[in-house]
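Visitor: Numbering of the sequence shown is given in the numbering used here, commencing with residue 583 and proceeding in unit increments. Even for Gly, the Cβ is constructed at its ideal location relative to N, Cα and C. Note that the structure is predicted; figures quoted are calculated from it, not measured.
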Amino acid sequence: MRVIRTAAAQLGPIQRDEGRPSVVARMIALMDEAKGRGATFIVYPELALTTFFPRWHHEDRAEADVWFEASMPSAETQPLFDRAREHGMGMSFGYAELTPEGRHFNTSILVDPEGRIAATYRKIHLPGHVEYDPERTHQHLEKRYFEPGDLGFPVWRFMGGIVGMCICNDRRWPETYRVMGLQGVEMVVLGFNTPSVNSQKGTEALGDRMFHHKLSVQAGAYQNATWVVAVAKAGDEDGHHLMGGTVIVDPDGKIVAEVEGEADGVVVHDCDLDATRFGKETIFDFARHRRIEHYGRITAQTGAEVAV
Ligand code: CDV
Numbered sequence: 583m584r585v586i587r588t589a590a591a592q593l594g595p596i597q598r599d600e601g602r603p604s605v606v607a608r609m610i611a612l613m614d615e616a617k618g619r620g621a622t623f624i625v626y627p628e629l630a631l632t633t634f635f636p637r638w639h640h641e642d643r644a645e646a647d648v649w650f651e652a653s654m655p656s657a658e659t660q661p662l663f664d665r666a667r668e669h670g671m672g673m674s675f676g677y678a679e680l681t682p683e684g685r686h687f688n689t690s691i692l693v694d695p696e697g698r699i700a701a702t703y704r705k706i707h708l709p710g711h712v713e714y715d716p717e718r719t720h721q722h723l724e725k726r727y728f729e730p731g732d733l734g735f736p737v738w739r740f741m742g743g744i745v746g747m748c749i750c751n752d753r754r755w756p757e758t759y760r761v762m763g764l765q766g767v768e769m770v771v772l773g774f775n776t777p778s779v780n781s782q783k784g785t786e787a788l789g790d791r792m793f794h795h796k797l798s799v800q801a802g803a804y805q806n807a808t809w810v811v812a813v814a815k816a817g818d819e820d821g822h823h824l825m826g827g828t829v830i831v832d833p834d835g836k837i838v839a840e841v842e843g844e845a846d847g848v849v850v851h852d853c854d855l856d857a858t859r860f861g862k863e864t865i866f867d868f869a870r871h872r873r874i875e876h877y878g879r880i881t882a883q884t885g886a887e888v889a890v
């Protein structure tokens, strides 16, 4: 058995004027709770340090830089790194990254139990739009504020396993998991901020949105025989509601732990990485069963081309 006792640490809402020190204190409280339950690895949501700012339109793009981190760790996030090191815990969380070259990414990191950043991932599937859209019930300006990630979907040897990352909308795309599956991934960690309301389809029920979330992460886990740890930021942020749905999914695609409600909360599960072996060696033994001669369109073509 190769067990990582993993904590999925959901954050409740972060209001627009809540500062990083307050959020970091909340994250540390969750970390302490997870440590008390024996966890050695903790996963937090996408854009964990601030409100989900892509809902706010800044005409002047540079004004949005207040939501970004120019260094990691920073003075404000250093206490989180310090506590993780004290506890000997690995962690993963998301934040808005401003690079020294002035580039903007929606980023997540893996931090090892010694407090060193071991891996960086930049979100590839950016949902939303670039310009203010008066037709929408709320804005989703990720395409305005971020560039698509430029690092692909690597995996890393981390805490005795093979771990990969993706972020929010990435979880809905089978290619995300399969590219990591082809590198033997044993655990995919991801954070998300999913509005409870579809800005372009007011009739979509919250239950359907939750169903699509779980369908995506459970299918990704099963079809690649990997653990998936999916962590929400949830609740009402400045009048805009984000759904919960923080789950840990086993390599059979089953939900084995789930945070109830929309407040700060943590669930802990013993994720045995050897539990990925059976699926990887049988029904999803890629080397024996994949037929790549029929998959050319996957990388040759972006949009659907409908036969006439
Ligand atoms: N932060 C996200 O990527 N949210 C999207 C919403 C906009 C659909 C998601 O896939 O959950």
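Kindly examine the ligand COA and report whether one of its heavy atoms sits closer than 7 Å to the Cβ of His639.
Guide: As for the ligand COA, it is missing from this structure, which binds only the ligand CDV.
Visitor: Which parts of the region 837–866 are runs of the alpha helix (DSSP H), unbroken and 4 residues or longer, counting only runs that do not cross its ends?
Guide: 859–863
Visitor: How about His795: is its C-beta nearer than 8 Å to some C-beta of chain C?
Guide: Within the model displayed, chain C is absent; a lone protein chain is all it includes.
Visitor: Note down, in chain order, each residue of its chain lying with its Cβ closer than 6 Å to the Cβ of Asp818, except the 5 sequence neighbours on either side.
Guide: Pro595
Visitor: Closest by CA to Tyr555, which one among Glu757, Arg698, Ile691?
Guide: Because the chain in this structure spans residues 583 to 890, residue 555 falls outside the shown range and cannot be described.
Visitor: Just to confirm, does Pro777 get its C-beta within under 7 Å of one of the non-hydrogen atoms of the ligand CDV?
Guide: Yes - the ligand CDV has a heavy atom lying nearer than 7 Å to the Cβ of Pro777.
Visitor: Given Ile691, which residues of its chain have a CB within under 6 Å of its CB, disregarding the five upstream and five downstream residues?
Guide: Closer than 6 Å at Cβ, skipping near neighbours: Ile699, Thr702.
Visitor: So what does DSSP say about Glu651, is it helix, strand or coil?
Guide: Strand.
Visitor: Checking the sheet assignment: what are the DSSP bridge partners for Ala812?
Guide: Leu772, Val829
Visitor: Just checking His851 against the ligand CDV - is the residue's beta carbon closer than 7 Å to any of the ligand's heavy atoms?
Guide: Result no, Cβ not under 7 Å from the ligand CDV.
Visitor: Where do the N-terminal and C-terminal ends of the beta strand (DSSP E) with Ala882 fall, by residue?
Guide: Per DSSP, Ala882 belongs to no beta strand (DSSP E); it is in the alpha helix (DSSP H), 878–882.
Visitor: Using a threshold of 8 Å, state whether the C-beta atoms of Ala816 and Gln592 are closer than that.
Guide: Contact flag set, yes.
Visitor: Go through the region 726–795 residue by residue and report every complete run of the beta strand (DSSP E) that reaches 3 residues or more, in order.
Guide: 737–740, 743–749, 769–774
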